[in-house]
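Working notes, structure below.
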Amino acid sequence: MRGTAPGGALAVNIEITSVNVQRGDVIQIGGQPCRVADLVQLPAGAKRLFFETGEALTMHAQSRLIALRVMRKW
Numbered sequence: 024m025r026g027t028a029p030g031g032a033l034a035v036n037i038e039i040t041s042v043n044v045q046r047g048d049v050i051q052i053g054g055q056p057c058r059v060a061d062l063v064q065l066p067a068g069a070k071r072l073f074f075e076t077g078e079a080l081t082m083h084a085q086s087r088l089i090a091l092r093v094m095r096k097w
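Structure (structure tokens):
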């Protein structure tokens, strides 16, 4: 799915892993969209994601999720 976000940015659904997750990605958890505010690298390729709402999620090396990523046009 692609759409236009405010300010002319392009919003794209992508598959993310612990390798390519980024701050600003929006992941839907329990029907609630959560934006990644911070990341911490953990052992064995895992990452702990901290969301703007205060929740945290650990992505293991084999975890795969669908996220909405806003790509800005320059």
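In the numbering used here, the protein residues as written are 24 to 97.
We treat Cβ as the ideally placed atom computed from N, Cα and C, and that holds for glycine.
Reference residue i; option with closest CA among the options
i: Phe-74; options: Asn-36, Pro-56, Leu-88 and Gly-68; result: Pro-56
i: Ser-86; options: Thr-76, Ile-50 and Val-93; result: Ile-50
i: Gly-47; options: Ala-69, Gly-54 and Ile-37; result: Ile-37
i: Ile-52; options: Arg-95, Met-94, Val-93 and Leu-72; result: Leu-72
Three-state class that DSSP yields for residue i in the structure shown
i: Ala-32; result: strand
i: Glu-78; result: coil
i: Ala-90; result: strand
Per-residue burial, residue i [other beta carbons within 10 Å of its own, 16 or more giving buried]
i: Val-42; result: exposed
i: Gly-77; result: exposed
i: Ala-84; result: exposed
Assumed close pair residue i, residue j - CB separation to whole angstroms, cut-off 8 Å
i: Val-44; j: Val-59; result: 7 Å
i: Thr-40; j: Leu-65; result: Not a contact, Cβ separation roughly 14 Å.
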